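Numbering (our numbering), first residue to last: 256 to 380.
Every residue gets a Cβ at the ideal spot worked out from N, C-alpha and C, and that includes glycine.
From a predicted model like this one, the values you see are computed outputs, not experimental measurements.
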Amino acid sequence: HESKVIKKIIDTIFSGVFPLNSDIDEGLVGMRARLQDLISQLKIGSGGVRMVGIWGLGGGGKTTLATSVYMEIIRRFKSHCIIENIREESRKYGLKKLQGDILSALCKTKMEVDCVAEGKLKIKS
């Protein structure tokens, strides 16, 4: 119980010291509310792994929302990685290169992947 109280205090301090400050264009109606809602739904710190899917029409702000969430939460993690334009990047460079980039960012050392299956195993571990 004590650890939950400490975590709540730290989160309160963090939100005061580091308020939501992403580069969201304040002219984008409703984006700030979506950002805050998505971050609260992630329940960061409650353990486990979270995955989020964002879908919608082109130009609807999906990339802006995903990037803004990433920028808001990275300070809570030792390692983090974001790959923008993943469809184009995977077509241009292949999945092995993307997996290597993810692993390199998370492990903070240059890593290469020989095959997609190996990349999946390394990312899971």
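Residue 348 and residue 303 have their alpha carbons spaced roughly 31 Å apart. Taking one beta carbon from each stretch, the stretch 319-331 and the stretch 354-369 have fewer than 3 pairs nearer than 8 Å; the two do not touch. Put simply, of 361, 332, 293 and 257 the residue whose alpha carbon is nearest the alpha carbon of residue 309 is 293. Judged by DSSP secondary structure, residue 342 falls within the alpha helix (DSSP H) whose first and last residues are 341-348. Residue 320 is a Cβ neighbour of residue 290, given a cutoff of 8 Å. In the DSSP annotation of this structure, the continuous segment of the alpha helix (DSSP H) that includes residue 323 starts and ends at 317-328.
Comparing C-alpha distances from residue 336 to each of 258, 378, 257 and 298 shows the shortest one belongs to 378. Between residue 297 and residue 305, the gap from beta carbon to beta carbon is short of 8 Å.
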